[in-house]
Each structure stands twice: as structure tokens, then as C-alpha cells.
Amino acid sequence: MASQVLLQQALFAPKLSFPSSSRNVALISRVPSTPISWRCTPLIAKPSFVVRADTNLDGGGEATEDVPSDNAEKVSEGEAEQVSDSEAPKSPRKPRVKLGDIMGILNQRAIEASEKQRPTPDIRTGDIVEIKLEVPENKRRLSIYKGIVISKQNAGIHTTIRIRRIIAGTGVEIVFPVYSPNIKEIKVVSHRKVRRARLYYLRDKLPRFSTFK
């Protein structure tokens with residue numbers, strides 16, 4: 001009896017099957033062999049250009065490509081502008097007026113304005129001149145002064161001449177501004193050649209050296 005019971009248990013007991021090594025090899029071979037690196041997408045994607053082909057409704061088969069050419073056109077326009085700017089001739093710079101030259105410019109303009117109203121002759125030391133001066137108190141009367149130029153001081157619009165003559169045996173010297181508006185006329189009577197720029201030595205000479213016709 002005991003042997004029969006053991007035989008029945010052995011027959012009805014569940015069969016435990018262990019996978020063979022060949023099955024394991026088959027299972028392993030079924031695993032996809034794609035590398036891991038292919039599955040990972042790159043962090044920085046390269047710019048890709050999309051090309052579309054549109055066919056006409058008539059069936060002509062002509063394809064049009066939409067390429068992003070706006071950026072290329074902008075770049076070409078920018079390069080053309082840079083080339084044109086570099087080739088354009090630069091205008092010359094205007095000379096800067098220094099502060100020290102302003103007074104010289106003003107003096108020159110004042111002299112030109114005075115020359116338009118009354119021309120001034122070339123006066124040198126030793127010349128005998130005749131000056132017609134308008135008296136501010138009485139503008140109807142003109143005073144005439146005649147003498148020899150013993151010195152001339154060039155100072156732009158403030159140029160002056162010193163005239164010497166003998167009145168009643170006494171030497172008299174008068175300084176006249178050449179560009180004064182009160183002077184109506186300056187006339188050079190005669191020229192005398194002298195070797196000095198200032199004839200102050202006539203003060204110590206006899207009166208006949210300071211007289212003239």
C-alpha cells in the first residue's frame with residue numbers, strides 16, 4: 001500500500017522545469033542590439049534646413065524649394081554697406097580756429113571795413129604827411145595837420161603814427177591813430193629815405209632838420 005501511494009504522488013506531482021542554457025541564449029539574442037548612444041538625443045541640435053517640394057495642381061511636376069534665404073540676403077546687404085562706407089571718400093576736416101587767432105581775425109575784419117570807407121596809403125618813417133581831422137565838437141570844420149613821421153607802431157586796427165613839426169620855434173609831436181573814423185583823409189606829400197625806424201634823434205637836432213616846405 002505504501003508503495004502505491006508513493007507512486008501516485010510521484011505521478012500527480014507538478015513537474016518543475018528549469019530553463020536550459022540554450023533557451024537563455026535565445027532570450028539574450030532577442031534583446032535589441034542597438035547601442036545606447038543611438039537612443040540618446042544630442043543636447044545641442046545642429047541647425048537643419050527643411051526642403052519642401054510642392055507640385056503644381058496642373059501636374060507640371062515643377063518643385064519649389066523654400067530655403068531660409070532672408071538671413072543670407074541681410075548678410076549680403078550688410079557687407080555691401082560696409083564696403084560702400086569704406087570706399088566713400090572722407091571729407092576734409094575744417095581747420096580749427098584757435099583762441100589766440102580770434103583777435104587777429106577781428107582786427108583784419110575791422111581793417112578791411114575801414115579800408116572800404118577810407119583807403120589808407122602806405123606810410124613809412126620819414127614821410128611828410130598831411131592829415132585832415134574832423135573835430136568831434138564841431139563836425140563842420142576840418143583841422144589840417146602836416147608834419148614828418150618820426151615813428152610808426154603797427155598794432156592792427158590800433159596802428160598809430162607820430163608826427164613832428166615846428167610851431168613858433170618849438171617842436172610839437174602829435175600821435176594819430178591811422179584807422180580812426182575822425183580822420184577823413186591821409187595824404188603822403190613826399191617820401192624821405194631814412195636809415196632808422198624811429199627818428200627820435202630829431203628832438204636834439206636843430207629846428208631846421210624838422211622843417212619842410
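Going by full-length UniProt numbering, the sequence shown opens with residue 1, and the numbers climb by one from there. We treat Cβ as the ideally placed atom computed from N, Cα and C, and that holds for glycine. If you're wondering where the values come from, they're calculated on a predicted model, not measured in any experiment.
- In its chain, beyond the 5 residues on either side, T120, I123, T159, T160, I161 and I186 have a beta carbon closer than 8 Å to the beta carbon of V178.
- Here G169 is exposed, its C-beta having fewer than 16 other C-beta atoms within 10 Å.
- For I123, the three-state secondary structure derived from DSSP is coil.
- Membership of L206 in any alpha helix (DSSP H) is not indicated, and neither H nor E is assigned to it by DSSP.
- Under the three-state reduction of DSSP output, Y145 falls in the strand class.
- Secondary structure of R140 (DSSP, three-state): coil.
- With contacts defined by Cβ atoms closer than 9 Å, Y200 and I163 do not form a contacting pair.
- DSSP places K116 in the uninterrupted alpha helix (DSSP H) bounded by L99 to Q117.
- Residue range I183 to S190 is occupied by the beta strand (DSSP E) that includes V188.
- Taking 9 Å as the cut-off, the beta carbon of V189 is found closer than this to the beta carbon of K146.
- In the three-state DSSP reduction, G156 falls in the helix class (H, G or I).
- Spatial neighbours of I157 in its own chain (CB-CB distance under 7 Å, excluding positions within 5 residues in sequence) are listed in chain order as N107, A110, I111 and Y179.
- According to the DSSP assignment, T170 belongs to the beta strand (DSSP E) that extends over T170 to P177.
- For G126, same chain residues with a beta-carbon under 6 Å away, outside a window of 5 residues either side, are R192 and V194 in chain order.
- The shortest CA-to-CA distance from P207 to any of F176, I148 and A155 is the one to I148.
- I128 and F212 do touch by the CB rule: their CB atoms are close to 5 Å apart, below 8 Å.
- Straight through space, the alpha carbons of L202 and R196 are spaced by roughly 12 Å.
- A distance below 8 Å between beta-carbons, with the five flanking residues on each side excluded, links V97 to the following residues of its chain, in chain order: I105.
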